[in-house]
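Asker: As numbered in my numbering, residues 58 to 262 make up the sequence shown, in order. Idealized CB from N, CA, C, for every residue including glycine. Quick one: this structure, given as structure tokens, is what I'll be asking you about.
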Amino acid sequence: MVHPDGRLNKASVPSVDGMRDANDRATEVSILERVLGGQTGAYAEIFSRHRERAFALAFQYLRNREDAKDVVQEAFIKAYQNLRRFDLSRSFGPWLLTIVRNLSVDTLRKRKHSGEELFDRIPDSHSRRAEDTVLRGEVWTALGKLSADHREIVFLRDYQGHSYAEIAEILRVPLGTVMSRLHHARRSLILRLGEKERGHDLRKD
């Protein structure tokens, strides 16, 4: 929209990121349509697009590379088998990660782990990338002291960068629950980090 004085209303101009996301979304829908049309080889492109995030999420639950790989493979197979029931107006990524999450939890149950044992161990060298971004060093230690629900939602939002709506879809909870849980999780994390700092100060004294 243009103002009477000839100036362009910036709010009416699509952002570069928004245009990029829209183009990427259109490309993905096109690939999925090719798969549904019988070009099964195109599914390899979907795998390439989503395998890293899928593996990262599975690994956060399982802490075992081979188990995480198995879960990711099974998740992609399940997604492929159910692709005709998938609504192409939705984003494929959150739907896939919901499958990854469910399979990871099932695997943990088979190991006879309780839900509170999710994320208990500190990441190994495979997760150094996470430590190099948002959740680094002492933050991982503090994160490990949070409840399973809080660890999970911080990982999805602050490490993987999912939107609130995507997290709601992955976790199958209302949007308001996502926002509230993330707020409390971040507050708890800050308090844990504050305890760490106070511990350092006490040792210095």
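Where does ASN159 sit, in a helix, a strand or coil, going by DSSP?
Answerer: helix
Asker: Can you tell me where the alpha helix (DSSP H) holding GLN138 begins and where it ends?
Answerer: 122 to 138
Asker: When you compare the CB positions of ALA125 and PHE112, do they come within less than 7 Å of one another, or not?
Answerer: Going by C-beta atoms, ALA125 is nearer than 7 Å to PHE112.
Asker: Is the Cβ-Cβ distance between LEU160 and GLU131 less than 7 Å?
Answerer: yes
Asker: Using only alpha-carbon positions, find the residue among ARG106, GLY95, LEU248 that is nearest to GLU195.
Answerer: LEU248
Asker: Alpha carbon to alpha carbon, what distance is there between LEU119 and GLY172?
Answerer: Unreliable placement is indicated for GLY172, whose pLDDT of 44 sits below 50; the coordinate value is still reported in the next sentence. Distance between the alpha carbons of GLY172 and LEU119: 12 Å.
Asker: If you draw a straight line from the alpha carbon of VAL207 to that of HIS241, how long is it in whole angstroms?
Answerer: Looking at the sequence itself, residue 207 is His, so the reference to Val does not match. If I take the Cα positions, the gap works out to 8 Å.
Asker: Is the beta carbon of GLN351 less than 7 Å from the beta carbon of PHE212?
Answerer: Given a span of 58 to 262 for the chain in the structure shown, any question on residue 351 remains unanswerable.
Asker: Please determine, among VAL129, ARG82, LYS167, the residue with the shortest C-alpha to C-alpha distance to GLU109.
Answerer: Closest in alpha carbon position to GLU109, among VAL129, ARG82, LYS167, is VAL129.
Asker: Please classify HIS207: does DSSP put it in a helix, a strand, or coil?
Answerer: helix
Asker: Specify, as a first and last residue, the run of the alpha helix (DSSP H) that ARG106 falls within.
Answerer: 100 to 119
Asker: Give the DSSP-derived three-state secondary structure of LYS167 in the structure shown.
Answerer: helix
Asker: Quick check on THR136: buried or exposed, where buried means 16 or more other Cβ atoms within 10 Å of its Cβ?
Answerer: According to the sequence as given, residue 136 is Ala; it is not Thr. With 16 or more other Cβ atoms within 10 Å, it is buried.
Asker: Just verifying my parser: in three-state terms, what is the DSSP assignment at GLY218?
Answerer: coil
Asker: For GLU123, does the count of other Cβ atoms within 10 angstroms reach 16, so buried, or fall short, so exposed?
Answerer: By the 10 Å Cβ count, GLU123 comes out exposed.
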